[in-house]
Every structure is written in C-alpha cells, then in structure tokens.
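Numbering (our numbering), first residue to last: 3 to 422. C-beta atoms are modelled at their ideal positions from N, C-alpha and C, and glycine is treated no differently.
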Amino acid sequence: MVDILLKTIMFVPKFGVHSLQVGFIASKIGKQLGLDELELFYCGVLHDLGVLTPHKGILLDDINNEFLIKEDIPTFEAPTKGHTLISAFEVSKISFLSKRFPNLSASILLHHALPHYLNESSTKDITANVVSISEEISKYVLVNDEEMTYDDFIVPLSTIKNRFFDFVYDAALSVLKQEYTRWMLYDLKAGFNREKLIQDYYIKEPMSFEEIVEIGAVLSYIIDSKSEFTRAHSWRVANLAGAIAKEILLNEEEFFIAGLFHDIGKITTPISVLEKKGKLTTSEMDIMKKHVYYSYLILLDHQNEPWFWPAVRHQERVDGSGYPWRLKGSEMTFKDKILQVADYFVAVLEPRPYRGPSSPEKALEEVQRAVSNGVLDPGPASILKELVYGGFNFESIDFISSIQKDISDFEKSLTEEGKV
C-alpha cells in the first residue's frame with residue numbers, strides 16, 4: 003500500500019519529478035556511504051511532502067522555478083523551514099514507515115539544515131545532508147533542458163560546497179560520474195522509468211487496516227486541502243460508505259478504504275478548477291472529471307482488492323451517464339453503487355464555490371431525485387434514508403481523523419508563529 007503514497011506524489015506535475023529524482027540520487031549516494039539505500043529513497047521522495055499542504059497561505063500545484071530558487075533553500079538563520087516541519091510531521095503519522103525507519107521524520111526535518119547545525123557522526127544528520135545535496139542536483143536537472151555532463155554539475159555544486167559534509171559532497175560527485183545516474187535523472191524528468199523506480203523500492207509487506215488508514219488519512223488530507231470546500235470530503239465519504247455497508251452486514255473496512263482513496267486522483271486537479279466560483283467550461287469540466295482516471299492509475303496495482311472497483315467507479319451512474327467507462331447498472335456491483343450514493347450525498351452536503359452547504363434532509367432529497375431519474379441505485383439510497391431518519395449522527399461523518407486534525411492543528415500553529 004505504500005506504493006499508493008509514492009504514485010500519488012509521482013502524479014503531481016514537477017513536484018513528482020523532483021521528489022523521485024531526490025529519492026533516486028539520495029539512495030545512490032547513501033549506498034556509496036554504506037547507509038540504508040531504502041531509507042534514503044523514502045527520505046528523498048517524502049522530503050517535501052509538506053509543500054502539498056498550505057504553504058504561506060497558498061497551495062502549490064507544482065514545484066515551480068520560483069519556489070525552487072527563492073523558497074526551497076537552506077538558510078543560516080534556522081535549521082528548519084515551515085514546509086520541512088510539516089513534511090516531518092506528516093511522515094511521523096505514517097507508522098508503517100516510521101517503525102521501519104525510526105529516524106525518517108527527523109532526517110526530513112533537518113534536510114535544509116547547514117552542517118554547523120548537524121553532527122557528522124549521526125546517521126540521522128548524514129541522511130539529512132545527503133537529501134540536501136540530492137535536492138540541489140535535482141534542481142539543476144529541472145532548470146536545465148539540455149542534459150548536463152559531469153563537469154556541468156561540478157561548477158554549481160562547488161559554489162555551495164559549504165552546505166554539505168565533505169564526505170557527502172565527495173560521494174555525490176562519485177555517483178554523478180556514473181552515466182547511468184545522470185541519464186536516469188533525465189529519464190525521470192522526461193517521464194520514463196518512474197513506475198519502475200517505485201517498484202524497485204516498493205516495500206512489499208502486508209499492512210494492517212490501521213496502517214492503511216494512516217496513509218489514506220494523510221493523503222486524503224493533502225488532496226482535500228487543495229480546496230476549502232472539500233477539506234474533509236474523503237473522510238466523510240469513507241465514514242458514510244462504511245455506515246451504509248454496516249447496515250447490511252457488509253465489510254465496513256472495505257468501504258472505508260474505498261472512500262478514503264476514491265478521490266486520490268484529484269492530486270492532479272488544478273486549484274483554479276477546484277476553486278472556480280462560476281460554471282466550469284467544457285475543457286475545465288474534462289479536467290475535473292479526469293481525476294477518476296488518475297485515481298484508477300494510482301490504485302491499479304490493487305485491482306484485486308475488494309475496495310478497488312467501488313473506489314474508481316464512484317462517478318459511474320446507473321443510467322450510463324457517468325464516467326469514465328459509461329457503465330450501466332447491470333455492469334456494476336452493489337458495492338460500486340454504495341460508493342456512488344455516499345459520494346453524491348456528501349458532495350451535496352458540502353458547500354461549493356457556487357453554493358452553500360445542504361442539510362442531510364435536503365441532500366437526501368437530491369439523492370432521491372437522482373434515483374427517480376434513474377441516475378443512482380435505489381438500494382443504497384433506501385439504506386441512506388434509514389440513516390437520515392433513523393437518528394444517525396451525521397456529525398460523525400464530519401469528524402476528521404485524529405491524524406488529519408493533528409496535521410491541521412500543527413499547520414495552524416506554525417502559521418500563527420509566522421513560520422510558514
């Protein structure tokens with residue numbers, strides 16, 4: 003399941019390229035130094051995770067050159083920056099990784115720290131410094147369209163040599179001498195070998211339901227935070243789909259996972275589309291709808307899991323008017339239709355740029371209207387009706403996970419302190 007985390011990052015324009023490049027080069031430098039290659043890869047890929055959540059009051063759709071040049075650099079004033087604090091905090095909430103790599107979060111926290119803040123005898127600090135020089139190498143590749151030779155790297159790196167331990171600097175140059183390393187960096191930039199790289203470093207170990215939820219909670223928080231109108235959307239859908247399933251003795255956990263991951267493809271949807279107050283143009287609507295396609299691609303390696311198809315079919319409709327496959331009722335399972343009803347209902351409950359929120363009763367009316375028009379299946383809708391009029395506490399679906407609340411509270415505290 004950790005591959006879902008990696009593939010979600012991969013699909014963010016520029017940001018994904020930068021993250022994979024840093025993970026790749028850091029792992030190779032780490033191997034040169036006798037460090038844990040796998041830990042260096044994850045440290046590199048996740049080092050800027052906090053950039054995807056609100057940064058200085060805005061959300062970045064990608065890592066652009068302005069951010070790389072002006073914001074994402076070490077300073078002498080402090081060993082950490084706002085986004086490094088958020089990145090480290092988010093990664094600390096993923097116990098599957100933090101148990102395997104106890105220093106992962108701490109190294110991410112310090113990846114912008116200059117040597118005088120670090121201890122060259124500490125593996126944690128060396129790892130942070132390796133990520134730091136790997137990040138600089140990635141930046142050079144991103145801003146130079148023509149492939150850089152080994153000599154092309156030496157000049158810019160030599161001007162910032164004081165940012166790195168001498169042995170880290172020497173190891174980086176040694177790795178850059180290898181044509182394979184340089185060619186791979188440009189292949190990643192061009193879109194080649196990204197999935198192969200993820201597969202090479204994928205930790206193929208089973209996860210508990212709780213560990214899956216932790217990854218889903220962090221990712222859904224990042225994705226839903228792209229818009230103030232959907233800040234807890236995935237968590238609400240997960241809770242409601244699970245509640246509907248529980249009423250008819252289906253596996254609640256399957257639907258909870260499906261709900262958490264159903265909108266994961268929205269990591270690719272521009273904020274300008276998500277936040278547009280007026281009617282979307284045809285091309286903008288196509289961009290919005292395409293999130294389901296990206297959810298499918300990100301989750302595809304888990305197509306044999308019982309939650310996969312309900313998650314990626316949540317925008318299909320009984321009458322064939324949905325997307326992306328234009329399936330009709332008989333071509334879908336009852337489980338698929340539960341997610342469709344849950345997502346539809348929650349979307350009406352929530353505010354949007356062009357309207358306010360609805361009450362559960364009003365949202366149910368919209369669902370029933372869709373059933374009457376042959377758009378949604380009456381089965382899950384009837385169970386939803388029982389929940390609405392049966393005393394179900396709809397405030398429970400508004401409750402975000404403790405992980406998401408912790409991240410949100412942590413970000414707010416940094417904003418109040420002026421650190422982001």
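Bounds of the alpha helix (DSSP H) holding residue 85 are 84-94. Nearest in C-alpha terms to residue 191, of all of 133, 104, 177 and 147, is 147. In this structure the region 307-325 lies against the region 338-346, because at least three pairs of beta carbons, one per stretch, are closer than 8 Å.
Secondary structure note for residue 6: its alpha helix (DSSP H) is the uninterrupted segment 4-12. Per DSSP, reduced to three states, the secondary structure at residue 165 is helical.
For residue 317, there is no enclosing alpha helix (DSSP H), since its DSSP letter is neither H nor E. By the C-beta density criterion, residue 306 is exposed, having fewer than 16 other C-beta atoms within 10 angstroms. Here residue 357 is bridged, per DSSP, to 354. Going by DSSP, residue 382 is part of the alpha helix (DSSP H) stretching over 380-391. In the displayed model, residue 119 falls within a helix according to three-state DSSP. For residue 38, no alpha helix (DSSP H) segment is defined, and its DSSP state is neither H nor E. The straight-line gap separating the alpha-carbon atoms of residue 102 and residue 5 is approximately 15 Å.
Residue environment analysis places residue 264 among the buried positions, since at least 16 neighbouring C-beta atoms fall within 10 angstroms of its C-beta. Using a C-beta cut-off of 8 Å, the region 156-164 makes no contact with the region 15-24, since fewer than three inter-stretch Cβ pairs fall below that distance.
The DSSP-derived three-state label of residue 280 is coil.
In the three-state reduction of the DSSP assignment, residue 211 falls in the helix class, which pools H, G and I. Pairwise C-beta distances place the region 106-120 in contact with the region 131-148, as three or more of them are shorter than 8 Å. For residue 97, the uninterrupted alpha helix (DSSP H) run begins and ends at 97-102, by DSSP. Between the C-alpha atoms of residue 108 and residue 126 there is a straight-line separation of about 7 Å. Counting other Cβ atoms within 10 Å of its Cβ, residue 118 stays below 16 and is therefore classed as exposed.
Three or more Cβ pairs closer than 8 Å define a contact, and the region 242-252 falls short of that threshold against the region 24-44.
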